[in-house]
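Enquirer: Note that the numbering used here numbers the sequence shown so that position 115 is 821, with each residue one more than the last. For each residue, glycine too, the CB sits at the ideal point set by N, CA and C. Only a predicted model underlies this, so the values are computations on that prediction, with no experimental measurement involved. Just dropping this structure here.
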Amino acid sequence: MNTAPYSQLLLAFWRERDREAPWGRRALFGITVLGLALGLYLVPQMARFLLAGSAALTLMSLWMAIIGSLMRQNHPHVARFVPGHLRRMVASALAAWALLSLASAVLLWLFLPPLPSLALLLLGAAALLAFLGWALREWQLWLLVSIGPVLFFGGGLDRKLAPLGATLRELWLGQPLLVLAFGLLALGWSVTRLFGNGDAAHRDTYARFDRMRRAAEDSMRGKYAGATAFGRVGEWLGRPFELAVSGWQRHAVMRAEPTLKSVMRRAEIVLHGRQHWLYQALGTLLALGIAALSFTLAFALAGQGLQDNWTKGAYGMAIGLASMGFNPSFGLPNMLWHSRREQALMRLLPGMPQGAALNRAVAWMQLRHALCALVLMTAGLAWLAWAAGEPALLCFAFSALPLCTGWVLRVPARIKAPGAGTTFVPVVAFIGMGWGMYTLHQLLHTPLVWLAGLGIAASAALGAWRWRALMIAPTALPAGRLG
């Protein structure tokens, strides 16, 4: 049997990696190893759990990379017109799924003896990998992960399905190998259904998958595809956004005047694109509405039990809220680069400032947007800290302030094309500074007032230095021409 075609299919994800910027992968690997080493040092009694869990997560990440690459190669035209393509694709996916499921189960079984039998671990690992493959193809499944547990336990389905669970348990205890065989066969069949044969349904599925993949790649470069990447549901949800933005554009154009305020209002629509403050405000309102609806539903279903324990997830909610606050600061410079082709014509608008005045106007437009987002984020974190009884959550706001100020006040003419680094570096810096301040408060008992003063002082000093540099820098627009 010639295995060369199969190895080419399985290794395609590695050969397609970005060879010009390997530092991002190396930095991610270094941070992962450092975090694992720190965990082993701080909690040595959990060494076996950390090692086994890290190895299993690595194998799952490898599976997602492989299955994502295979589904991308399963183009409808290739599947229909290339002989043997679909058969090799399915065989490669099944082989990867089987080997990685077995490896994950064996690792957990060897390192964590208290866990259930190897057969049960194998069935669980195989089911998880199959679900990840389907979730990579159909993004709606991630919603099931988000709200499924709340609906399951809050709606009392755990009690209603208890007899079925008892029956399945007895069946497993009586015939474990038979149940394992049937389970693996069913899961293997579901993996084969990830691939199409080039028919109309396959073309529609591949178009949705490719649209989401391109949106994810664009987001890594700081370019946002909008709600249309989510298909008809996204178009329906994005319709109010488009109507509101169109109304604002008409308002800005109909009241155009050759003044600084009017011309920058119109320029902001082009310069900030999908990061325009109106998009941000509508997105925030939508997120708040979904969160309020989710909490109301969860509290209504789960009752007092959830009300007493929801604060355990306050840290995760704080990180999500903080990311919403600092995302505009890191996305605005990228939008300047993406709109650079229109900026040469924009400089001819009546009333458009030139030279240092243009630098000042663009910098203030960027800084104003970032500071408004930070103020709202700080208010949200303050409410969350009060509700959860964890004042230390405000450390995320204090750490984000200097980072956002320094990033948003870069010289526009010298910014470089957005890449993975423009997303990776700020996030790592934010997480590092946030947890650093959190550690100072929790372990060294540094007062929050001092940490707030430190963040404000660092932000003011960095902002003043950046502002002086901007006033003597080359003209801001077109952005990126000297990068």
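Mind checking Val1114: buried by the 16 CB within 10 Å criterion, or exposed?
Expert: Burial call: buried.
Enquirer: To the nearest angstrom, report how far apart Met1023 and Leu1146 are at their CA atoms.
Expert: C-alpha separation (whole angstroms): 21 Å.
Enquirer: Using only CA atoms, which one of Arg794, Met795, Gly790, Leu890 lies nearest to Phe837?
Expert: Taking only the C-alpha atoms, the option nearest Phe837 is Leu890.
Enquirer: Identify, in the order they occur along the chain, each residue of the same chain with its Cβ nearer than 6 Å to the Cβ of Val976, setting aside the five sequence neighbours on each side.
Expert: Only Ser1045, Glu1048 meet the Cβ criterion.
Enquirer: Name the two residues that bound the continuous alpha helix (DSSP H) containing Thr898.
Expert: Per DSSP, Thr898 belongs to the alpha helix (DSSP H) from 882-898.
Enquirer: At the level of alpha carbons, what is the spacing between Met1071 and Gly902?
Expert: So the two alpha carbons sit approximately 49 Å from each other.
Enquirer: Would you identify the three-state DSSP class for Val788, choosing helix, strand or coil?
Expert: In the structure shown, Val788 sits in coil (DSSP, three-state: anything other than H, G, I, E or B).
Enquirer: If distances are taken between C-alpha atoms only, which option among Met1177, Gln714, Pro1124 comes closest to Gly1186?
Expert: Among Met1177, Gln714, Pro1124, the Cα nearest to that of Gly1186 belongs to Pro1124.
Enquirer: If you pair each beta-carbon of the stretch 993-1002 with each one of the stretch 1091-1102, do three or more pairs fall below 8 Å?
Expert: No contact exists between the stretch 993-1002 and the stretch 1091-1102.
Enquirer: Can Ser968 and Gly1061 be called in contact, C-beta distance under 8 Å?
Expert: No, the pair does not count as a contact, with Cβ atoms beyond the cut-off.
Enquirer: What's the call for Gln986, buried or exposed, on a 16-neighbour Cβ count within 10 Å?
Expert: So Gln986 ends up on the buried side.
Enquirer: Is it true that the CB of Ala1050 sits closer than 8 Å to the CB of Gly904?
Expert: Not in contact: Gly904 and Ala1050 (Cβ atoms no closer than 8 Å).
Enquirer: What number of angstroms, rounded off, separates the C-alpha of Leu814 from the C-alpha of Cys1110?
Expert: Their backbone Cα atoms lie some 41 Å apart in a straight line.
Enquirer: Out of Gly979, Ala1020, Ser1029, Met752, point me to the one whose CA is closest to Ser952's CA.
Expert: Closest by alpha carbon: Gly979.
Enquirer: With a cut-off of 8 Å on the beta carbons, I'd call Arg843 and Leu768 a contact; round off their distance for me.
Expert: The pair is not a contact, with the Cβ atoms about 18 Å apart (cut-off 8 Å).
Enquirer: Using the rule of at least 16 other Cβ atoms within 10 Å of the residue's Cβ for burial, across every protein chain shown, is Gly1169 buried or exposed?
Expert: So Gly1169 counts as buried.
Enquirer: Under 8 Å, do Ser760 and Phe719 count as touching if we go by C-beta distance?
Expert: Not a contact, by the Cβ cut-off of 8 Å.
Enquirer: Alpha carbon to alpha carbon, what distance is there between Trp803 and Gly944?
Expert: Distance between the alpha carbons of Gly944 and Trp803 is about 37 Å.
Enquirer: Less than 8 Å between C-beta atoms, sequence neighbours within five positions excluded: which residues of the same chain meet that for Arg1066?
Expert: Excluding sequence neighbours, Arg1066 sits near Pro1059, Leu1176, Met1177.
Enquirer: Starting from the Cα of Arg919, find the closest Cα among Trp845, His783, Leu1107 and give me that residue.
Expert: Comparing Cα-Cα distances from Arg919 to each of Trp845, His783, Leu1107, the minimum goes to Trp845.
Enquirer: Please classify Val1155 as buried or exposed, where buried requires at least 16 other C-beta atoms within 10 Å of its C-beta.
Expert: By the neighbour-count rule (16 or more Cβ atoms within 10 Å), Val1155 is not buried but exposed.
Enquirer: Following the continuous alpha helix (DSSP H) through Pro1039, name the residue where it begins and the one where it ends.
Expert: 1020-1044 is the span of the alpha helix (DSSP H), which, as asked, contains Pro1039.
Enquirer: Indicate whether Ala1103 and Ala1179 have their beta-carbon atoms separated by less than 8 Å.
Expert: Not closer than 8 Å, so no.
Enquirer: Could you work out which residue in Ala1093, Arg794, Met752, Phe888 is closest to Leu826 when comparing CA atoms only?
Expert: Closest option to Leu826, Cα to Cα, is Phe888.
Enquirer: Taking Arg1053 and Leu1183 to be in contact with their CB atoms under 8 Å, please state how far apart those CB atoms are, rounded to whole angstroms.
Expert: The Cβ separation is near 6 Å, so the contact holds.
Enquirer: Go through its chain and collect everything with a Cβ distance to Leu800's Cβ below 8 Å, but skip five positions before and after it.
Expert: Here the set comprises Gly894, Val897, Thr898.
Enquirer: In whole angstroms, what separates the C-alpha of Leu1087 from that of Pro964?
Expert: Going by the C-alpha atoms only, they are around 40 Å apart.
Enquirer: Check for me: the alpha helix (DSSP H) holding Ala1103 runs from which residue to which?
Expert: Its alpha helix (DSSP H) spans residues 1101-1114.
Enquirer: Taking C-alpha atoms, which residue in Leu1082, Arg956, Trp1089, Trp1092 lies nearest to Leu1107?
Expert: Nearest option by C-alpha distance: Leu1082.
Enquirer: How would you label Val1201, buried or exposed, when you count the other beta carbons within 10 angstroms and need 16 or more for buried?
Expert: For the chain, the structure presents residues 707 to 1189; residue 1201 sits outside this window and is missing.
Enquirer: Looking at C-alpha atoms only, which residue of Gly830, Lys1122, Ala771, Gly1112 is the closest neighbour of Leu1230?
Expert: This structure does not reach residue 1230, given that the chain is present from 707 up to 1189, and the question cannot be answered.
Enquirer: Could you please give the first and the last residue of the uninterrupted alpha helix (DSSP H) stretch that includes Lys967?
Expert: Lys967 -> alpha helix (DSSP H) spans 966-978.
Enquirer: Within the same chain, show all residues whose beta-carbon is closer than 7 Å to that of Leu877, passing over the 5 residues directly before and after it, in chain order.
Expert: Excluding positions up to five away in sequence, the list reads Val885.
Enquirer: Apart from the five residues just before and just after Pro882, which ones in its own chain have a Cβ nearer than 6 Å to its Cβ?
Expert: Counting only Cβ-Cβ distances below 6 Å, and skipping sequence neighbours, we find Ala825.
Enquirer: Do the CB positions of Pro1118 and Leu1042 come within less than 8 Å of each other?
Expert: In contact: Pro1118 and Leu1042 (Cβ atoms closer than 8 Å).
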